[in-house]
Amino acid sequence: MHTPGYQQSLQNKNPLDENGTITPEDLLSFAWQVASGMEFLSCSKLVHRDLAARNILVGAEKVVKVSDFGLTRKINDELSYMSKNKRRLPIKWMSVEAIFDQLFTTFSDVWAYGVVLFEIVTLGGTPYPAISNRELLSLLKSGYRMDKPENCSESMYDIMLQCWNEDPLKRPTFTTLREYFDEVMSRSGVYLSFEFDENTAPSFLPFKTDNDDDSIIEDEVFQNPVHVKSVEEIKKTS
């Protein structure tokens, strides 16, 4: 669907050509806006299931919008279905329980939000640089998480790690994330900077794994019915 004024995504290296400038404060605002939009979806009992910088559109006045709701599902009590799709899975944005248990909740969206933070901080850098999708499957099982970007503060990186907690119920809610960036934007402090070299930063280096040969198709991984559940439902079974 065409959205007037929102032609570019956050994944683009320079989404604000018309202004010519972007600041660290703008990036914090993007993070806050995405958290606010996802808070609305969560409160509306919707699970996005494909949150990524490529699906965040940038408009005039540096306003961003969450887009691409093709995989979004409404949470009633519980939705279960057996996937027979040949769709490519966005493995690098998916939570461990979504990949290995086919379980999707608002907290699997929170995991993806942590990856979006990485993309924002690195100005569109590649998540899990130098790691293929297939390598990542085994690494995630062993507890591997992305390293801290060199231009990112420890407190910002800690938020990413919280989003990537293996236990979905220990991840922050989108309300908590929105409130965190409320506070960050209201006080002075250096949370991220532009002091890094795109020619040497790992997240910007080209890798042979970034191609179609590394794609993982949904029915290769999803051997069990897909479950879209409410937070209350997973609390009952935890």
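The letter at position 204 of the sequence shown is residue 427 when you use the numbering used here, and the numbering goes up by one with no holes.
All C-beta atoms, glycine included, are put in the ideal place defined by N, C-alpha and C.
Backbone secondary structure at residue i - three-state DSSP
i: Phe-327; result: strand
i: Ile-343; result: helix
i: Val-270; result: strand
i: Lys-371; result: coil
i: Ile-279; result: strand
i: Val-451; result: strand
i: Arg-357; result: helix
i: Arg-401; result: helix
i: Val-407; result: helix
i: Leu-294; result: coil
i: Val-333; result: helix
i: Leu-415; result: strand
i: Val-289; result: strand
i: Pro-227; result: With a pLDDT of only 47 at Pro-227, under the threshold of 50, the placement of this residue in the model should not be trusted, and no figure is reported.
Nonlocal neighbours in the same chain, by C-beta distance under 8 Å from residue i, ignoring five residues either side
i: Val-344; result: Leu-250, Pro-372, Asn-374, Cys-375, Met-379, Leu-415
i: Glu-389; result: Val-319, Gly-366
Proximal residues to residue i (C-beta, below 7 Å), its chain only, five neighbours per side dropped
i: Trp-387; result: Trp-334, Gly-337, Arg-368
i: Lys-297; result: Lys-268, Leu-269
i: Glu-320; result: Leu-326, Ser-331, Pro-391
Closest by C-alpha distance to residue i, when choosing among the options
i: Ser-259; options: Tyr-403, Glu-248, Lys-459, Ile-439; result: Tyr-403
i: Val-295; options: Leu-274, Ser-361, Ile-354; result: As written in the sequence, residue 295 is Thr, which differs from the Val given in the question. Among Leu-274, Ser-361, Ile-354, the Cα nearest to that of Thr-295 is on Leu-274.
i: Pro-183; options: Ala-276, Leu-400, Ile-322; result: Look at the range of the chain in this structure, 224 to 461, and you will see that residue 183 is not part of it.
i: Ser-361; options: Ser-252, Arg-410, Phe-323, Leu-384; result: Phe-323
i: Asp-381; options: Phe-341, Leu-346, Leu-280, Gly-366; result: Phe-341
i: Arg-357; options: Met-261, Leu-312, Phe-327; result: Leu-312
i: Glu-248; options: Ile-439, Ser-365, Met-408, Ile-279; result: Met-408
i: Val-454; options: Gly-412, Ser-411, Pro-391; result: Pro-391
i: Met-383; options: Ser-318, His-271, His-450; result: Ser-318
i: Gly-293; options: Arg-272, Leu-280, Leu-359, Gln-325; result: Arg-272
i: Ile-314; options: Leu-280, Glu-284, Leu-363, Cys-266; result: Leu-363
i: Pro-352; options: Ser-365, His-450, Trp-316, Phe-417; result: Trp-316
i: Ser-265; options: Gly-366, Thr-399, Glu-284; result: Thr-399
i: Val-339; options: Glu-377, Glu-284, Leu-280; result: Leu-280
Cβ shell of residue i (< 6 Å), same chain only, five flanking positions each side left out
i: Arg-401; result: Ala-258, Ser-259, Glu-262
i: Gln-256; result: Val-287
i: Phe-253; result: Val-287, Ile-343
i: Asn-278; result: Ser-290, Asp-291
Neighbour flag for residue i against chain D, beta carbons, 8 Å
i: Glu-455; result: Annotation note: the requested chain D is absent from the structure, which comprises a single protein chain.
Checklist entry - Counting pairs of Cβ atoms below 8 Å between the stretch 330-337 and the stretch 391-404, do you hit three or more? => result yes
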